[in-house]
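So the structure is just underneath, and the comments pick up after that.
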Amino acid sequence: MKMFTKSGLLKSGLVVVAVASLSVIGTRFNYLESSSHREAPIIANDPLADNTDVYAFRNPKNKNNMVLIANYIPFEHPDGGPNYFNFGENIAYDIHIKNDPATKGDDILYRFEFKLKDEDPTTFFNIRLGKQNRKATYTCKKSTDNGKTFTTIISNGIVPPNNIGPRSIESAVGLNSSYDKEMQKGIITASTGEKVFCGPVDDPFFVDIGAIFDLGATRPNKAVDGLKRMNVHTIALDVPIELLNKEGQKVSKSWSILDPDFIIGVWASASRRQITVRESKGKIRHEGEYVQVSRLGMPLTNEVIIPIGKKDEWNYYSSNNDPKEFEKYFTNPELALYMDDSKFGGAVPGLSALRIQTKSLGAFDFRNGADGLYSLLGDPATKGTAFDKQLFGNYLLRKGEPRSVDLLPIFMTGVPNLAPYQLVTGKKDGNPLAAGKPFINNFLPTFGDMLRVNMAVPPTDRDSKDFSSLGLVQAAVLGIVDPRYNMSTAMQFIPNMDGFPNGRRLEDDVTRIELQAVSGIVLAAVGLGYDDYDPMAGTGTIGDVEQQHNSDPIMIMPPAGAIFTNVRSATFGTGKGSSWENFKFDANCQIDVTDKVRKAYGNFQLTNSDPNFTIPVNYKVLGDPCPGSEKSLRVVLDYRTTASLATPALVKVLTFTTGVEKNDAEFQTRFPFEAEPWNGYTEGGHGNTNASGNIDNASASASITPYNAPNGLNLSSPDVMLKQMENFPNPSRDKTTFRYHVAQPTEVSLLIYDANGNLVASPVSKEKRAAGMYEVSVNVSKYQGGLYYARIVNGSTKSDQTLKFVVSK
């Protein structure tokens, strides 16, 4: 068929593979796991091997390259010492690439194995005097035969240290460097041309975890990023596209921005040795082959799609297993129950803006257990569409599995550039099965949960006013409503076509997008609107009448965007009247020319470039009753205006937010693009506005305990310089008193901060003090209960000392 030629959707070879696999539902699928932060019971106890996220996007600074990122080790607190987080030994960290559905297994596999070394085992510090303990290095190997053989492309790769704090990184007693320099040292070019970075970074994922998992209690006005000021360990690759393309072609050779030859699937995994033996004297021995313990493709799959009783089993399967039973979690997802008022929608008010279509186009129900579009299976109207039984109809249209038409392909096969998976823009009569405007083609039918991306799609400029964290959802919005893109069905780049779920950029708000997707926003974009969408809205009748003597044609100007549905009547003859509504023909000189007008001019949809329905007064077409008489032509047309998809229900879904829509740190403008990791000294607090400090007020650890002061300050030793008066309790409820000693005259400030680092009070501000002992009482009666820090600053040298205290309520 023409649509499968090189200039169409797919090459014939890919279609043969896809149809052969999809036409029989019971065939084997290569399922791939998708996990996230602590998403399954077993892997939650093995953080070093826990995938957190996978990203795949065109390099915005070098558009000939793809950036692939696999992150591991969730919830790394920056001040999690003395043994800071690091990549694990005896773990295989793998990044898998699939670029050819006709082959088995991975077409490209990058494997990273790490070693840890103590450069100064005589100290408990992680970094001291230029030496680093638990220092990580790695070997990177590459396979192009599904892991049968490997070639080493990086040996002794550098992993930057954890960002412990400025003294460990920047001072002469530490590394005497800067963290930016350490990160740049960690960027290494492999022997095969890829750039690689492995090391700690700010966790780029953002989500109000506390709200989502508290039974969907979203709080958009008071949202808390559960990963704020948390770090993660990343493996990032900057890869020339020709190294990922199955034919070794550069992206400049792509024939369109949706070229199927440039589609890849990306996923990551971690594997441990089969046997771990704990020996005496703290030794651990690892033996046996690698066994996969964690994998990640599409974000949040194992976290919110797979139920808890199946999560560890889901993590276990490899791409060659056949867990067909997992399909039901995509075709009838649990999340949909909380967006359905006939089920549990009313029990989760935080998702009240998200509702699923129950009678789209008056006929189609996509609630769990309904038939969705199953009734279309075998319908002649599906011929040539993705629903054609000769193509993918048997896979996509399933009885009682309504989301087999959208969620299943998004996660398991990718989406083809075929109707109905084109925007409603330009679809005749709003028919979802009609051809529309292309906006996605990441169809790679390997039947696994991969992050699929079409590398031919250009990147959206991060500085563009059109750039949006809504990814492909925003591209659909622009393609439907923006006159720059909705004037035709021609393929053109729409900003954010390179966004999730066509790959995943660091900025993409995948939580919001996936919640919207479960609520049916993709269905709406292709013409299957929400229940309040009436495609037949705006019907009416309009006409015109013109005399023959002045040769004026019939000119009918309907409402903008109207679709003429019928030539109701056309009459030619003599008569009188001031308008087409009151024109009366003479009974003895008129003929009905309705069929002639229908045949000659037909019905068609108006466009902005052809805004009028024009019929010339033409004897050759109409005939000539009553020769010699002055005659008129009257035409009456039925029309309807295309109803807007932007109904109140759609607007609610589109504007839904969890309240956390971007990362807490600015991304870098160069590879690896992720932000530097938070340091454990000045940025170690979780930093959320509602954080309590997580302090047990009865604990001895809550007592005011001064830190060691560096030598050389003109403030005395810490046990004298700043000390609580013994006759006041700690925790304090109403007032606390600080005592400090000044060794020699200086300027002093006493500053009080809350647990988030916000300045609360300045009891002493740049006041000159002679040598001696001083006391200052602070009223804390109006402070909220929790942990606070008192910091005393030496004005002349800017040296300082900090202690903590607790306010009890």
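Residue numbers 2 to 810, in my numbering, belong to the letters of the sequence shown in order.
Cβ coordinates follow ideal geometry from the N, Cα and C atoms, glycine included.
Assuming contact is defined by CB atoms lying nearer than 8 Å, are residue 578 and residue 587 in contact in what I supplied? To locate residue 578, count along the sequence shown from 1; it is residue 577. To locate residue 587, count along the sequence shown from 1; it is residue 586. No, Cβ-Cβ distance for residue 578 and residue 587 is not below 8 Å.
Tell me whether the beta-carbon of residue 184 lies closer than 8 Å to the beta-carbon of residue 200. Numbered from 1 along the sequence shown, position 183 holds the residue referred to as residue 184. Numbered from 1 along the sequence shown, position 199 holds the residue referred to as residue 200. Contact flag set, yes.
Taking C-beta to C-beta, are residue 669 and residue 675 nearer than 8 Å? For the purposes of this step, residue 669 is identified with residue 668 of the sequence shown, where counting begins at 1. For the purposes of this step, residue 675 is identified with residue 674 of the sequence shown, where counting begins at 1. Taking 8 Å as the Cβ cut-off, residue 669 and residue 675 qualify as a contacting pair.
Scan the segment 97-122 and note each continuous beta strand (DSSP E) run of 3 residues or more that stays entirely inside, going in chain order. Runs of the beta strand (DSSP E) lying entirely within the segment 97-122 and spanning at least 3 residues, in chain order: 109-118.
Residue 639 and residue 581 closer than 8 Å at C-beta: On the sequence shown, position 638 is the one that residue 639 refers to. On the sequence shown, position 580 is the one that residue 581 refers to. Their beta carbons are not under 8 Å apart, which means residue 639 does not touch residue 581 by this criterion.
How would you call residue 144, buried or exposed, if buried means at least 16 neighbouring beta carbons within 10 angstroms? Counted from its first residue, the sequence shown places residue 144 at position 143. The residue in question, residue 144, is buried, as its Cβ has 16 or more Cβ neighbours within 10 Å.
In whole angstroms, give me the CA-to-CA distance for residue 25 and residue 397. Position 24 of the sequence shown holds residue 25. Position 396 of the sequence shown holds residue 397. In this prediction, residue 25 has a pLDDT of 38, which is less than 50 and means its spatial position is unreliable; nothing more can be read from the coordinates.
Exposed or buried, what is residue 309 when buried is set at 16 or more other beta-carbons lying within 10 Å of its beta-carbon? Translated into the one-based positions of the sequence shown, residue 309 becomes position 308. Burial call: exposed.
Using a Cβ distance threshold of 8 Å, determine whether the segment 442-455 contacts the segment 252-266, with at least three qualifying pairs required. yes
Is residue 287 near residue 52, with beta carbons less than 8 Å apart? Against the sequence shown, residue 287 aligns to sequence position 286. Against the sequence shown, residue 52 aligns to sequence position 51. No, the Cβ-Cβ distance between residue 287 and residue 52 is not below 8 Å.
Residue 202 classed as buried or exposed, judged by whether at least 16 other C-beta atoms fall within 10 angstroms: The sequence position of residue 202 within the sequence shown is 201, counting from 1. Its Cβ being crowded by 16 or more others within 10 Å, residue 202 is buried.
Buried versus exposed, by CB contacts within 10 Å (16 or more), residue 95: In the sequence shown, counting from the first residue as 1, residue 95 sits at position 94. Buried, by the Cβ-count rule.
Inspect the beta-carbon positions of residue 367 and residue 521 and report whether they are closer than 8 Å. By 1-based counting over the sequence shown, the position of residue 367 is 366. By 1-based counting over the sequence shown, the position of residue 521 is 520. Yes, Cβ-Cβ distance for residue 367 and residue 521 is below 8 Å.
Can you tell which of 236, 129, 125 has its C-alpha closest to the C-alpha of residue 56? As a first step, residue 56 must be located in the sequence shown, where it is residue number 55. It is 236.
Name the one or two DSSP bridge partners that residue 547 has. Indexing the sequence shown from 1 puts residue 547 at position 546. Residue 547 is bridged to 634.
Straight-line gap, residue 251 to residue 63 (C-alpha atoms, nearest Å): Translated into the one-based positions of the sequence shown, residue 251 becomes position 250. Translated into the one-based positions of the sequence shown, residue 63 becomes position 62. One C-alpha to the other measures close to 13 Å.
For residue 569 versus residue 542, is the C-beta spacing smaller than 8 Å? Within the sequence shown, the letter at position 568 stands for residue 569. Within the sequence shown, the letter at position 541 stands for residue 542. Taking 8 Å as the Cβ cut-off, residue 569 and residue 542 qualify as a contacting pair.
Counting along the chain, where does the beta strand (DSSP E) carrying residue 202 start and finish? Here residue 202 refers to the residue found at position 201 of the sequence shown. Residue 202 -> beta strand (DSSP E) spans 196-203.
Alpha carbons only, please: which of 782, 242, 303 is nearest the one belonging to residue 196? For this step, residue 196 is matched to residue 195 along the sequence shown. For the residues 782, 242, 303, the minimum Cα distance to residue 196 belongs to 242.
Are residue 754 and residue 784 close, meaning C-beta to C-beta below 8 Å? What you label residue 754 is simply residue 753 of the sequence shown in a count that begins at 1. What you label residue 784 is simply residue 783 of the sequence shown in a count that begins at 1. No, the pair does not count as a contact, with Cβ atoms beyond the cut-off.
From residue 311 to residue 330, what does the alpha carbon distance come to, in whole angstroms? Counting from one through the sequence shown, the residue named residue 311 turns up at place 310. Counting from one through the sequence shown, the residue named residue 330 turns up at place 329. Approximately 11 Å, taken between the alpha carbons.
Measuring CA to CA, which of 359, 479, 472, 156 is closest to residue 531? On the sequence shown, residue 531 is found 530 positions in, with the first residue counted as 1. The shortest Cα separation from residue 531 among 359, 479, 472, 156 belongs to 359.
Between residue 429 and residue 79, what straight-line distance do the alpha-carbon atoms span, to the nearest angstrom? In the sequence shown, residue 429 corresponds to position 428, counting from 1. In the sequence shown, residue 79 corresponds to position 78, counting from 1. Distance between the alpha carbons of residue 429 and residue 79 is about 56 Å.
Give me the Cα-Cα distance between residue 117 and residue 648, rounded to the nearest whole angstrom. For the purposes of this step, residue 117 is taken as residue 116 along the sequence shown, with counting starting at 1. For the purposes of this step, residue 648 is taken as residue 647 along the sequence shown, with counting starting at 1. The alpha-carbon atoms of residue 117 and residue 648 are separated by roughly 58 Å.
I want to know whether the segment 214-230 touches the segment 100-117 - three or more CB-CB distances under 8 Å. no
Entirely enclosed beta strand (DSSP E) segments - the segment 747-791, minimum 3 residues: 747-755, 760-770, 773-780
Between which two residues does the beta strand (DSSP E) containing residue 586 stretch? As a first step, residue 586 must be located in the sequence shown, where it is residue number 585. Counting along the chain, the beta strand (DSSP E) containing residue 586 begins and ends at 585-593.
When the Cα atoms are used, what is the spatial distance from residue 795 to residue 171? Counting from one through the sequence shown, the residue named residue 795 turns up at place 794. Counting from one through the sequence shown, the residue named residue 171 turns up at place 170. One C-alpha to the other measures close to 21 Å.
Host alpha helix (DSSP H) of residue 295 (start-end): In the sequence shown, counting from the first residue as 1, residue 295 sits at position 294. No alpha helix (DSSP H) holds residue 295; the beta strand (DSSP E) holding it covers 285-297.
Check for me: the alpha helix (DSSP H) holding residue 386 runs from which residue to which? Reading the sequence shown from its first residue, position 385 is the one you call residue 386. Note, residue 386: premise wrong, no alpha helix (DSSP H); not H, not E.
Could you name the residues of the same chain whose beta carbon sits closer than 7 Å to that of residue 114, not counting the 5 residues immediately before and after it, in chain order? Residue 114 sits at position 113 when you count from the first residue of the sequence shown. Result list for residue 114: 93, 139, 140, in chain order.
Cβ shell of residue 370 (< 7 Å), same chain only, five flanking positions each side left out: If you number the sequence shown from 1, residue 370 lands on position 369. Cβ within range, chain order: 333, 401.
Using the Cβ count rule (16 or more neighbours within 10 Å means buried), how would you classify residue 766? The residue you call residue 766 lines up with position 765 of the sequence shown. Under this definition residue 766 is an exposed residue.
Hey, would you say the C-beta of residue 395 is under 7 Å away from at least one heavy atom of the ligand FAD? This structure lacks the ligand FAD; in fact it carries no ligand of any kind.
For residue 241: DSSP bridge partner residues: Here residue 241 corresponds to residue number 240 of the sequence shown, with the count starting at 1. 66.
Could you compute how far the alpha carbon of residue 376 sits from the alpha carbon of residue 393? Taking the first residue of the sequence shown as 1, we reach residue 376 at position 375. Taking the first residue of the sequence shown as 1, we reach residue 393 at position 392. Between residue 376 and residue 393, the C-alpha separation is close to 15 Å.
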